[in-house]
Amino acid sequence: MTPDIEESSPVHEEGEGTNMDQQLISAAAEGDTTTVLKLLEGGADINATNHQGDTAVMAATQKNKVDTVKALIEQGADINIRNNNMDNVLLYAGAEGLLEIVKLAVQAGADTTITNRFGGTALIPASDRGHVDIVEELLTNSDTDVNHLNNLHWTALLEAVILGDGKENYQQIVQLLVDHGADVHITDRDGVTPLQHAERRGFTEIERILKEAGA
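So the sequence shown is residues -1 to 213, counted in the working numbering.
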């Protein structure tokens, strides 16, 4: 309890500012862009965070409030700030398949090297969750490193094969990854290649794609 008391007690004006900042985050989560802009005009801190570490733009992202995210980016919101869960706008939107927000983040110059709590870039969860459109957007329009290794020593390609179901959307993702320079020879920590994983799981179409790519 003590930290809360200390935080809210300093100076009366600062307390008001903090309250305004929290209103900003709440309005952003609700997609109430009009209120968001009014609060910013009134002096609310665009990059203030709540107890979960979410900024207004992050709160809007989590609720898929595209127009509010766009307005906050236009007002100068820092989209690279990570919350307590180590997510930011691009990481969260990429993992959850929120294409419009991913596009906004990419256009706004999001830092694609920032990683989530598993040490992965946005491309990796997008690949393992089967979000073909996100994978295509990141590979085509951003400087995402296609061969980035996360904490498990898995690339996006390895994740798509190991965690996917081998069906059409994962076949498309594997094709996109190899088309954009995914190294088919990077193995997991045990020295198992993407092709070997595909063979073990009976993903014949993915096997074909990988072999054509030189695996």
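C-beta: ideal position from N, C-alpha, C; glycine also.
Reduced DSSP category for residue i - H, G, I as helix; E, B as strand; rest coil
i, result
"Lys165", "coil"
"Asp126", "helix"
"Leu89", "helix"
"Lys61", "coil"
"Thr53", "coil"
"Ile207", "helix"
"Met18", "helix"
"Gln170", "helix"
"Ala196", "helix"
"Leu155", "helix"
"Ser219", "Outside the shown range of the chain (-1 to 213) lies residue 219, about which nothing can therefore be said."
"Asp188", "coil"
"Leu96", "coil"
"Gln73", "coil"
"Ala108", "coil"
"Asp30", "coil"
"Thr119", "coil"
Closest Cα partner of residue i within the set the options
i, options, result
"Glu157", "Asp141, Pro192, Arg187", "Pro192"
"Asn149", "Gly118, Asp141, Gly162", "Gly118"
"Asp85", "Leu137, His195, Asp109", "Asp109"
"Gly29", "Val55, Pro123, Ala213, Asp177", "Val55"
"Leu96", "Ile160, Gln169, Ile132", "Ile132"
"Leu121", "Gly51, Gln105, Leu147", "Leu147"
"Pro123", "Tyr90, Lys165, Thr32", "Tyr90"
"Leu137", "Arg187, Glu166, Val100, Gly164", "Val100"
"His183", "Gly162, Gln21, Asn145", "Asn145"
"Leu102", "His129, Gly40, Ser140", "Ser140"
"Ala69", "Gly164, Asn82, Leu37, Gly51", "Leu37"
Presumed contact (8 Å Cβ cut-off) between residue i and residue j, rounded CB distance
i, j, result
"Asp275", "Asp43", "This structure does not reach residue 275, given that the chain is present from -1 up to 213, and the question cannot be answered."
"Ala58", "Thr66", "4 Å"
"Ile160", "His195", "5 Å"
"Gln169", "Ile207", "7 Å"
"Gly128", "Gly162", "6 Å"
"Glu197", "Glu205", "6 Å"
"Ala25", "Thr16", "Actually they are not in contact, since the Cβ atoms of Ala25 and Thr16 sit about 15 Å apart, beyond 8 Å."
"Gln50", "Asn82", "5 Å"
Whether residue i touches residue j by CB criterion (7 Å)
i, j, result
"Thr53", "Asn62", "no"
"Glu134", "Leu175", "no"
"Ser125", "Ala154", "yes"
"His151", "Asp186", "yes"
"Asn167", "Val190", "no"
"Val64", "Glu94", "no"
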